[in-house]
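S.K.: One structure, pasted below without further comment.
In the numbering used here, the protein residues as written are -2 to 368.
Next up, the structure:
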C-alpha cells in the first residue's frame, strides 16, 4: 500500500487531478482512502474521570508516527460542519510494527465551552472518522535521555507527560532502552480530578519510576507533599534542578512558577515547558488602550485588553484557531503594525510584518493585524 500511496501522491497524478488534490476524489470512495491526508478511525473510548476521556485511534497509512510529547490536530464532522482542535498524544511511542504502529490515543478533559472536547467525552463512539494532522510540536524527549529526568505536570497537562513516561517505561523493557531514574511529579486539584489514577498506581510499583502525586485543594492522609509547586517540593525529593533535565506541562500558573524557580537557580537551560491553559487577562491593565484594526475585514475596534482572538470574535470575525493556548499555529496571522504582549511570558513584539499567535497575544496600544 505504501507504493500505491506514493504513486497517488506523485506530481504526475497531481497534474491529472488538478485543480483538486487526489485525496478529493479518493475520499469519495472511502474517507480513510487518502494519499496524503491523515485520517483515523476511533477504536475505543475510555472514561478517565467524570469529565475526561481517552480516545484510541487507528490512523491510515498516511500517518508518520509521533514523538512522545507531541500533539495532533483532531477534527470531527457533526451535522456537516468540521470542527478542529489540538490534543496531545497520551500513548507510548515505543517502536511497534504493522497496524499497531498506527494506533495511538489522545486524552482530553471536556471543557464547558469546548464543542469538540464535549463531543469527544459525551458522544463519540467507535467507528467515528477523525480528520487528523501529522504529529506536531517541539515539547519532546531528546534522542538520548539522561540518567535522571524529572517530569512535572498539572491538571490535564498530564497527557503529553504520560506519553513520555509510558514510552520510557516500554523502552526500558528492551535492550538499549532507558534504564535510569524517572521522577514524575503530578499536581491535581483533588483525587477525583486526577486522570490515569489506576495506571499511576501501577507505575509507582515499576522499577526506576518514582510517582509523586500532589492534591492542591484537598488533604489526603499520608500525602508526601501538599500545596502548589515550590522549590521545597524538589528539595524534599532530592532533586537539584541545575543538573536535572525537566519537562513541565500544565496551566500557566504552574508553568510560570516552575520557570521562575529554575531561572532563580540558574537552571533555565534544563527546563522544557508547555502550558495547557493561558492565564486570565487583566482587562484593567494599562495595555488596554488604543485601537485594534482588522485590516482585511476593514474593521476597527477599541482595544479591550483581551487577546486578539477574543477581540476578533467579539467584533464578529471568525478567525481560524485550534488550541487557544499558543501550542499549535492554527491562529497565526501577520501583525502589520504596533506592539503585542504574550500573556504567559510577558514578551513584547513590536516589529512590523511579523507573525503572531492571536490566541496568546494582547495589543499594547494601537495594533493592526491581517484579519
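Positions of the beta carbon are idealized from the N, C-alpha and C atoms, including for glycine.
1) Here's the rule I'm using: 16 or more other beta-carbon atoms within 10 Å means buried, otherwise exposed. How should residue 118 be labelled?
2) Touching or not, the stretch 288 to 298 and the stretch 40 to 55, by the rule of three or more beta carbon pairs under 8 Å?
3) Just to confirm before moving on: does the CB-CB distance between residue 349 and residue 333 stay below 8 Å?
4) In the DSSP assignment, what residue or residues form a beta bridge with residue 246?
5) Reducing DSSP to helix, strand and coil, say where residue 63 ends up.
6) Taking residue 149 and residue 264 to be in contact with their CB atoms under 8 Å, please state how far apart those CB atoms are, rounded to whole angstroms.
7) Output the boundary residues of the alpha helix (DSSP H) element that contains residue 305.
8) If contacts are defined as beta-carbon pairs under 8 Å, then residue 86 and residue 69 qualify, I think. What distance do you get, rounded to the angstrom?
9) Relative to the alpha-carbon of residue 130, which residue among 163, 174, 82 and 111 has its alpha-carbon at the smallest distance?
10) What does a CB cutoff of less than 8 Å around residue 216 pick up in its chain, not counting 5 residues either side in sequence?
11) Where in the stretch 214 to 258 do unbroken runs of the beta strand (DSSP E), each at least 3 residues long, occur, reported from the N-terminal end onward?
12) For residue 323, which beta-bridge partners are listed by DSSP?
13) Can you round the beta-carbon distance between residue 193 and residue 161 to whole angstroms, since I take them to be within the 8 Å contact cut?
14) Closer than 6 Å by C-beta to residue 200: which residues in its own chain qualify, once you throw out the five before and the five after it? Chain order, please.
15) Can you tell me whether residue 177 is buried or exposed, with buried defined as 16 or more other CB within 10 angstroms of its CB?
16) Among 90, 116 and 345, which has the Cα closest to the Cα of residue 167?
17) Is residue 201 helix, strand or coil by DSSP?
18) Buried or exposed, going by whether 16 or more other CB atoms sit within 10 Å of the CB of residue 203?
19) For residue 211, which residues in the same chain have their Cβ closer than 6 Å to its Cβ, ignoring the five residues on either side in sequence?
20) Beta-carbon within less than 6 Å of residue 143's beta-carbon, same chain only, minus the 5 sequence neighbours each way: which residues are those?
21) Quick one: what does DSSP say residue 86 is sitting in, helix, strand or coil?
22) Below 8 Å on the Cβ atoms is my guess for residue 358 versus residue 288; work out the distance and round it to an integer in Å.
23) Could you check if residue 230 is buried or exposed, using at least 16 other CB atoms within 10 Å of its CB as the buried criterion?
24) With a threshold of 7 Å on Cβ separation, who are the neighbours of residue 116 within its own chain once the five nearest residues in sequence on each side are excluded?
25) What does residue 51 pair with, by DSSP beta-bridge criteria?
26) For residue 331, list the residues DSSP reports as bridge partners.
27) Using 10 angstroms around the beta-carbon of residue 259, count the other beta-carbons present and answer buried if the total reaches 16, otherwise exposed.
28) In this structure, how does DSSP classify residue 113 when only helix, strand and coil are distinguished?
29) Under three-state DSSP, which class holds residue 336?
30) Return the bridge partner residues of residue 142 from the DSSP annotation.
31) Give the straight-line distance between the Cα atoms of residue 262 and residue 33, rounded to the nearest whole angstrom.
32) Assuming residue 165 contacts residue 179 under a Cβ cut-off of 8 Å, what Cβ separation, rounded to an integer in Å, is found between them?
33) Quick check on this structure: which residue in 146, 153 and 337 has the alpha carbon closest to the alpha carbon of residue 237?
34) In angstroms, rounded to a whole number, what distance separates the CA positions of residue 352 and residue 321?
M.R.: In this structure, then:
1) Walking along the chain shown from the start, residue 118 turns up at place 121. Buried: at least 16 other Cβ atoms inside 10 Å.
2) no
3) Taking the first residue of the chain shown as position 1, residue 349 is located at position 352. Taking the first residue of the chain shown as position 1, residue 333 is located at position 336. For residue 349 and residue 333, yes; Cβs fall inside 8 Å.
4) Stepping through the chain shown from its first residue, residue 246 is reached at position 249. Looking at the DSSP assignment, residue 246 forms a beta bridge with 150 and 271.
5) As a working mapping, residue 63 is identified with position 66 in the chain shown. If DSSP states are grouped into helix, strand and coil, residue 63 belongs with coil.
6) In the chain shown, the residue the question calls residue 149 occupies position 152. In the chain shown, the residue the question calls residue 264 occupies position 267. About 13 Å separates the two Cβ atoms, so there is no contact after all.
7) The count along the chain shown starts at 1 and reaches residue 305 at position 308. Residue 305 -> alpha helix (DSSP H) spans 305 to 311.
8) For the purposes of this step, residue 86 is taken as the residue at position 89 of the chain shown. For the purposes of this step, residue 69 is taken as the residue at position 72 of the chain shown. Between residue 69 and residue 86 the Cβ distance is about 6 Å, and since that is below 8 Å, they are a contact.
9) By 1-based counting over the chain shown, the position of residue 130 is 133. Considering only alpha carbons, the answer is 82.
10) By 1-based counting over the chain shown, the position of residue 216 is 219. These residues qualify, in order along the chain: 223.
11) Counting whole runs of 3 or more residues, the stretch 214 to 258 contains the beta strand (DSSP E) stretches 242 to 248.
12) Here residue 323 corresponds to residue number 326 of the chain shown, with the count starting at 1. None; residue 323 has no bridge partner.
13) In the chain shown, the residue the question calls residue 193 occupies position 196. In the chain shown, the residue the question calls residue 161 occupies position 164. Their Cβ separation, rounded to whole angstroms, is 13 Å, which puts residue 193 and residue 161 out of contact at 8 Å.
14) Numbered from its first residue, the chain shown carries residue 200 at position 203. If we look at residue 200 and ignore the five residues flanking it on each side, its Cβ neighbours are 206 and 208.
15) Here the question's residue 177 lines up with position 180 in the chain shown. Note on residue 177: under 16 other CB atoms within 10 angstroms of its CB, so exposed under the neighbour-count rule.
16) Counting from one through the chain shown, the residue named residue 167 turns up at place 170. Looking at the Cα atoms, 90 is the closest of the given residues.
17) Within the chain shown, numbered from 1, the residue matching residue 201 stands at position 204. Helix.
18) By one-based count along the chain shown, residue 203 stands at place 206. Flag for residue 203 reads exposed.
19) The count along the chain shown starts at 1 and reaches residue 211 at position 214. Result list for residue 211: 184 and 222, in chain order.
20) Position 146 of the chain shown, counting from 1, holds the residue named residue 143. Around residue 143: 242.
21) Counting from one through the chain shown, the residue named residue 86 turns up at place 89. Strand.
22) Sequence index remark: in the chain shown, residue 358 carries index 361 (1-based). Sequence index remark: in the chain shown, residue 288 carries index 291 (1-based). Contact doesn't hold; Cβ gap of about 16 Å is too wide.
23) To locate residue 230, count along the chain shown from 1; it is residue 233. By the neighbour-count rule (16 or more Cβ atoms within 10 Å), residue 230 is buried.
24) Along the chain shown, read from residue 1 onward, the residue named residue 116 stands at position 119. Hits under 7 Å: 73 and 75.
25) On the chain shown, position 54 is the one that residue 51 refers to. DSSP output for residue 51 lists 43 and 104 as bridge partner(s).
26) Here residue 331 is taken as the residue at index 334 of the chain shown, counted from 1. Answer by DSSP bridge pairing, in chain order: 352.
27) For this step, residue 259 is matched to residue 262 along the chain shown. Buried, by the Cβ-count rule.
28) The residue you call residue 113 lines up with position 116 of the chain shown. Note: residue 113 maps to helix in three-state DSSP.
29) As a working mapping, residue 336 is identified with position 339 in the chain shown. Note: residue 336 maps to strand in three-state DSSP.
30) If you number the chain shown from 1, residue 142 lands on position 145. According to DSSP, residue 142 bridges with nothing at all.
31) As a working note, residue 262 is residue 265 in the chain shown. As a working note, residue 33 is residue 36 in the chain shown. Computed Cα separation, rounded: 47 Å.
32) Translated into the one-based positions of the chain shown, residue 165 becomes position 168. Translated into the one-based positions of the chain shown, residue 179 becomes position 182. With 8 Å as the limit, residue 165 and residue 179 qualify as a contact, their Cβ atoms being about 6 Å apart.
33) Here residue 237 refers to the residue found at position 240 when the chain shown is read from its first residue. It is 146.
34) Residue 352 sits at position 355 when you count from the first residue of the chain shown. Residue 321 sits at position 324 when you count from the first residue of the chain shown. Each residue's alpha carbon lies about 16 Å from the other.
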